Amino acid sequence: MRTFLYEEGQGLMNDVPITDLVAKAEQETVTFWIDFPGSDVAEIQKIGKLFNLHPLAIEDLITPQYRPKIDTYDNGLMIVLRDADVDRIEKNLSALELDLFLGKNFLITAHTEPMECIETAITRLYSSASRTIARGPDYLVHAIIDLLVDDNLQILSWLDEELSELEDAIFTNPDKATLQRAAKLRKNIVYLQRILGPQLELIRRLSVEESPFIKASLRVYFRDVSDNLARLNDLIFTYRELISTDMAIHQALVSNKLNEIMKTLTIIATIFLPLTFIASIYGMNFEFMPELRSPWGYPAVLGVMATLGALMFWWFKRRGWFD
Numbered sequence: 495m496r497t498f499l500y501e502e503g504q505g506l507m508n509d510v511p512i513t514d515l516v517a518k519a520e521q522e523t524v525t526f527w528i529d530f531p532g533s534d535v536a537e538i539q540k541i542g543k544l545f546n547l548h549p550l551a552i553e554d555l556i557t558p559q560y561r562p563k564i565d566t567y568d569n570g571l572m573i574v575l576r577d578a579d580v581d582r583i584e585k586n587l588s589a590l591e592l593d594l595f596l597g598k599n600f601l602i603t604a605h606t607e608p609m610e611c612i613e614t615a616i617t618r619l620y621s622s623a624s625r626t627i628a629r630g631p632d633y634l635v636h637a638i639i640d641l642l643v644d645d646n647l648q649i650l651s652w653l654d655e656e657l658s659e660l661e662d663a664i665f666t667n668p669d670k671a672t673l674q675r676a677a678k679l680r681k682n683i684v685y686l687q688r689i690l691g692p693q694l695e696l697i698r699r700l701s702v703e704e705s706p707f708i709k710a711s712l713r714v715y716f717r718d719v720s721d722n723l724a725r726l727n728d729l730i731f732t733y734r735e736l737i738s739t740d741m742a743i744h745q746a747l748v749s750n751k752l753n754e755i756m757k758t759l760t761i762i763a764t765i766f767l768p769l770t771f772i773a774s775i776y777g778m779n780f781e782f783m784p785e786l787r788s789p790w791g792y793p794a795v796l797g798v799m800a801t802l803g804a805l806m807f808w809w810f811k812r813r814g815w816f817d
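First residue of the sequence shown: 495, per my numbering; consecutive thereafter.
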């Protein structure tokens, strides 16, 4: 558990005892933030009861929800968000959950895995306290959500690089491994769309709905975050269309390559068909075959076979089968 307290005239303090936070909870000149970077259920339940959180809000803080949502209670807003994390080595995406309870002058956050948006927000507390926690917990919520959207913008940049590399691979070596890579990339794009898509309407609600826990002057900031997230969703949709197009191109190239192979085999088989026919005739075991005793029989047959092969090759070439 990490605690941060900002008090007018005192500045920013960290690792503040919970008893001190409870004592200052009703002071209007105080803003504090409690962050749980792990699944300490007992500690979250204890803090929730100390600050009179609704039992359902406490349950949301300790239980995975899998879908973003906003619930309004008498003493605060319960906000559940999802973030994406990328393993650049395995090239896999995973979903992270961030739970926020916004009170009148405090913020409680809980997450089971380290989150870049939280760590960056904490770093900014020390570098620009007047712009974050000093402006109230609602502004701090905006800052965290804005950072979360920025994190996903970096993931989109990574996906853009992967798409560019995939397109190069498709035109240079459209093999099975390239198709598997395209399928995996499409899976990541669809997964990211499922993570971020439902959150757009949620953040729009924060920008338009009146709430006693979010100042009216801050709605424009949430609107800006909503616009950024809308652009991200548009980009994800574009990437999804691009990857589908790339997979179709890959399939077309593979089919074209297969057709070229079949055409080559067809030419070879067609050229050798009459030659095989001639050879099979003279391979019959009849006693009376005049050509067999002719001194020019063997070279004559070879000449006929060579002439037929050359004529058929010329005919195929004239019809453009070798282009």
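We put the CB at the ideal spot given by N, CA and C, even for glycine.
Keep in mind it's a predicted model, so treat the numbers as computed, not measured.
- Residues R576, A578, I689 of the same chain have their beta carbon placed closer than 7 angstroms to that of A589, with the five preceding and five following residues left out of the count.
- Annotation: N569 to A746 spans about 60 angstroms, alpha carbon to alpha carbon.
- Going by beta carbons, L592 and V635 fall outside the 8 angstroms limit.
- Closest by C-alpha distance to I743, out of A663, L641, A710, is A663.
- Taking the Cα positions, E613 is about 27 angstroms away from A710.
- V580 places its beta carbon less than 8 angstroms from that of I649.
- Counting the other CB atoms within 10 Å of its CB gives Q674 a total below 16, which places it among the exposed residues.
- With contacts defined by Cβ atoms closer than 8 angstroms, G691 and N722 do not form a contacting pair.
- F771 sits in a helix when the DSSP states are folded into three classes.
- For Y567, the enclosing beta strand (DSSP E) stretches over residues 563-567.
- Take F810, set aside five residues on each side of it, and the residues of its chain with a beta-carbon closer than 6 angstroms to its own are I761, in chain order.
- A Cβ-Cβ contact shorter than 8 angstroms links F600 with A519.
- Less than 8 angstroms separates the beta-carbon of I772 from that of V798.
- Between the alpha carbons of M507 and K540 lies a distance of about 22 angstroms.
- Note on D509: under 16 other CB atoms within 10 angstroms of its CB, so exposed under the neighbour-count rule.
- Where A676 is concerned, the enclosing alpha helix (DSSP H) starts and stops at 670-690.
- In the DSSP assignment, M495 falls outside any alpha helix (DSSP H), carrying neither H nor E.
- Between P511 and L729, the alpha-carbon positions lie close to 44 angstroms from each other.
- Around R618, the same chain offers T626 as residues with beta carbons nearer than 6 angstroms, after the five sequence neighbours per side are excluded.
- Its Cα nearest to that of R699, the residue P562 stands out among P562, N646, M741, M495.
- Residue pairing from DSSP places N508 in a beta bridge opposite F498.
- Residue pairing by DSSP places L594 opposite I573, T603 in a beta bridge.
- In the DSSP assignment, F810 falls within the unbroken alpha helix (DSSP H) covering 791-812.
- Under the three-state reduction of DSSP output, I528 falls in the strand class.
- Beta-bridge partners of V719 (DSSP): none assigned.
- Counted as a single uninterrupted DSSP element, the stretch harbouring W815 is not any alpha helix (DSSP H), since DSSP gives it neither H nor E.
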